[in-house]
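What follows is a set of notes on a single structure, which appears directly below.
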Amino acid sequence: MSAPVVEARGIGKVFGTGDAETEALRGIDLEIAGGDFVSLIGPSGCGKSTLLRLIGDLVSPTSGTLVVNGKEPGQARLDRDYGIVFQSATLLDWRSVQKNVELPLEIMGFPDAERPTRAREMLDLVQLGGFADHHPWQLSGGMQQRVAIARALAFRPALLLMDEPFGALDEMTREAMQQEVLRVWGETGTSVVFVTHSIPEAVFLSTRVVVMSARPGQISDEIVVDLPPKRDLDTREAPRYFELVIEVREALRHGESGSRES
Amino acid sequence: MGGANRRVARAGFSILAVAVVFVLLWEGYKLIWTAMGWENPVRPDDRTMPHTWDIFLTLFQPAQRNGPPFILVELRAALMTLREAFVGFLIGGAVGFGLGVLFVRSTMAERAFMPYVVASQTVPIIAIAPMVVVWGGRANLPQWLSVSLIAAYLTFFPVAINTLRGLRSPHPTSMELMRSYASTPREVLWKLQVPAAMPYIFTALKVSAAASVIGAIVGELPAGLRGGLGRDLLQFSQQFTAAPEKLFAAVLIAGLAGIAFVGLITALEHRWIGANRRLAG
Chain A
1 MSAPVVEARG IGKVFGTGDA ETEALRGIDL EIAGGDFVSL IGPSGCGKST
51 LLRLIGDLVS PTSGTLVVNG KEPGQARLDR DYGIVFQSAT LLDWRSVQKN
101 VELPLEIMGF PDAERPTRAR EMLDLVQLGG FADHHPWQLS GGMQQRVAIA
151 RALAFRPALL LMDEPFGALD EMTREAMQQE VLRVWGETGT SVVFVTHSIP
201 EAVFLSTRVV VMSARPGQIS DEIVVDLPPK RDLDTREAPR YFELVIEVRE
251 ALRHGESGSR ES
Chain B
1001 MGGANRRVAR AGFSILAVAV VFVLLWEGYK LIWTAMGWEN PVRPDDRTMP
1051 HTWDIFLTLF QPAQRNGPPF ILVELRAALM TLREAFVGFL IGGAVGFGLG
1101 VLFVRSTMAE RAFMPYVVAS QTVPIIAIAP MVVVWGGRAN LPQWLSVSLI
1151 AAYLTFFPVA INTLRGLRSP HPTSMELMRS YASTPREVLW KLQVPAAMPY
1201 IFTALKVSAA ASVIGAIVGE LPAGLRGGLG RDLLQFSQQF TAAPEKLFAA
1251 VLIAGLAGIA FVGLITALEH RWIGANRRLA G
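Going down the list, the protein sequences come from chains A and B. Using this note's numbering, you'd call the opening residue of the first sequence number 1 and step up by one each time. Using this note's numbering, you'd call the opening residue of the second sequence number 1001 and step up by one each time.
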């Protein structure tokens, strides 16, 4: 266990004012160690995406303290300490696949000579080496999302934030992508915060699953996934995997008692 | 290149086909309405609706006694008007783009200025044109530049409105992505918003190209500028009862000038789209 990349103490987030006020998060305490793969799971409206955006300084907390990579979240963003992947790939249509991966490198002022090399390296990492000159609309949804992952990792951030990245993919592609993301995680050593609403996905990927409940969003449980680090098709059929899936499901039900399960 | 040639050939064919259909309708109307003795909605006689071939032949007859043929004179006039229109188009396009960028950066500027921008377009161009000519004269601007400014007045509006829409078109997550890179507003503008706005801007430029030709033609009248299409169109419309085919022939030339300008913009658009993204459909 290395130094924590995320430390949240008593985080609260309120959107709007007066009658339109909504409490999205309340009393969030969370610590994510370097190299961890942490999934945030919970019903819609539990604030899991909001929590991810707080870590990325895309929104600001109303209360509590948040430290990302040892600094204020705003400073961590300015220092480009994290890469982010959204549910939609958000690739730029007018750029080739390679130029899309180079986008953050251009903005961050990487030398002209280094950008193409690094972009190709990242595309090889997500096994899209042969598609550098394609345009995003020529790729399938899963391939587009792999480009988004390559783009997010191109500048070697300490932290990778993923907001339901495989939510729009079909089941087969989704499982392949999960395998892919684990391989990339193993090769880069980046810490990952992964928002999902899929229980099997959370268990399969994570070292730790953070279970949240809604209205207001709170952490209701944390489950350490003690599956062996190397995960493959056999993992999905292991008894311990099923036990953990049930454990997370129970935690979700417990957190949602009185409210519908999602 | 082969694809481009085929596209041009196909476009040429369909334009020709429509022209033939139009001629058939025109002549057919004349034939039937004359035979039936009908006079509504338009009298079919040669004073009101000259034969299409008379209009066509007018193009190749001398404009003045022993002068060069009509088509040469009017094409030269069209070229002059197009030049004024083009300068106005560039000025108006730049102003429109600038306003779009200003408004996307500052909601306050948009709220303050947008009503005036919209109001500016409800003022008829025939009211604005003489003012611009008088002011331009006081400021010692060359006459053609006053005409260009009138063309710019019609050009800037569609560009401003569409640029603003286009700059706002990127999805919020794309904006979040740029924020996650700690990018400056300038980088967001040039790497995300402007490329995303290009299809909107091209649409506006096509509208503006046509509008700038109208602006230049109308602007030539109060400017009293000779040698352009405006003066000739006015003159031919005054001679309409005596020689109607001249006005029709001049309108044909003016239409061709507008098509040429819009065609140029469309060609640029195809180049940009071809290089950057899939063609629509």
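In this text, a Cβ means the ideal position worked out from N, Cα and C, and glycines have one as well. As the structure is a prediction and not an experimental result, all values here were calculated from the model.
- In the structure shown, tyrosine 1181(B) falls within a coil segment according to DSSP collapsed to helix, strand and coil.
- For arginine 1076(B) and arginine 1226(B), the gap between their C-alpha atoms comes out near 12 Å.
- Leaving aside the five residues that flank threonine 173(A) on each side, the residues in its chain whose CB is nearer than 8 Å to its CB run, in chain order, Ser140, Gly141, Gly142, Phe166.
- For the region 98-115 of chain A, the set of positions with a beta-carbon nearer than 8 Å to some beta-carbon of chain B reads Leu103, Pro104, Glu106, Ile107, Met108 in chain order.
- Between the alpha carbons of leucine 1141(B) and leucine 1082(B) lies a gap of roughly 19 Å.
- Bridge pairing for glycine 12(A): Ser63(A) [DSSP].
- As the crow flies, the alpha-carbon of leucine 1256(B) is around 48 Å from that of arginine 151(A).
- In the DSSP assignment, methionine 162(A) falls within the beta strand (DSSP E) that extends over 159-163.
- By the Cβ neighbour-count rule, tryptophan 137(A) is exposed, with fewer than 16 other Cβ atoms within 10 Å of its own.
- DSSP, read as helix, strand or coil, puts valine 211(A) in strand.
- If only complete runs of 4 or more residues are kept, the region 1224-1271 of chain B shows the alpha helix (DSSP H) at 1229-1238, in order along the chain.
- Arginine 1271(B) is classed as exposed because its beta carbon has fewer than 16 other beta carbons within 10 Å across all chains shown.
- Each residue's CA atom was taken as its position, placing aspartate 226(A) and threonine 207(A) some 7 Å apart.
- Leucine 30(A) sits in a strand when the DSSP states are folded into three classes.
- When secondary structure is reduced to three states using DSSP, aspartate 221(A) falls in the strand class.
- Look at serine 1106(B): its C-beta is not under 8 Å from any C-beta on chain A.
- Classified as exposed, phenylalanine 242(A) has fewer than 16 neighbouring CB atoms from the shown chains inside 10 Å of its CB.
- One thing to note: valine 195(A) has its Cβ within 8 Å of the Cβ of lysine 48(A).
- The beta-carbon of phenylalanine 86(A) is placed less than 8 Å from the nearest beta-carbon of chain B.
- For the pair threonine 50(A) and alanine 33(A), the Cα-to-Cα distance works out to about 20 Å.
- When secondary structure is reduced to three states using DSSP, serine 1212(B) falls in the helix class.
- Scanning its chain for C-beta atoms nearer than 8 Å, with the 5 sequence neighbours on each side dropped, one finds around isoleucine 1128(B) the residues Ile1150, Tyr1153, in chain order.
- Remark: fewer than three beta-carbon pairs, one from each stretch, lie closer than 8 Å, so the region 1170-1184 of chain B and the region 1246-1262 of chain B are not flagged as touching.
- When the alpha-carbon of isoleucine 246(A) is set against those of Asp234(A), Pro229(A), Ser198(A), the nearest one is in Ser198(A).
- A direct Cα-to-Cα measurement between isoleucine 1201(B) and glycine 1096(B) gives close to 10 Å.
- With 16 or more other Cβ atoms inside 10 Å of its own Cβ, alanine 1209(B) counts as buried.
- What arginine 77(A) touches in chain B, judged by beta-carbon distance under 7 Å, is Ser1180, Ala1182, going in chain order.
- Listed in chain order, the non-local C-beta contacts of proline 111(A) below 6 Å within the same chain number zero, local neighbours out to five positions each way being set aside.
- Cβ atoms of glycine 1093(B) and glycine 1215(B) stay farther apart than 8 Å, at about 13 Å.
- Looking at the DSSP output, isoleucine 41(A) bridges to Thr196(A), Val211(A).
- With 16 or more other Cβ atoms inside 10 Å of its own Cβ, threonine 190(A) counts as buried.
- Going by DSSP, valine 85(A) is part of the beta strand (DSSP E) stretching over 82-85.
- Identification of residues in the region 1185-1209 of chain B having a C-beta nearer than 9 Å to some C-beta of chain A yields Glu1187, Lys1191, Leu1192, Pro1195, Ala1196, Met1198, given in sequence order.
- When rounded, the separation of the alpha-carbon atoms in glutamine 1193(B) and alanine 238(A) is 49 Å.
- Interface flag for glutamate 1176(B) against chain A is set, since a Cβ pair is found closer than 8 Å.
- Judged by DSSP secondary structure, histidine 254(A) falls within the alpha helix (DSSP H) whose first and last residues are 239-255.
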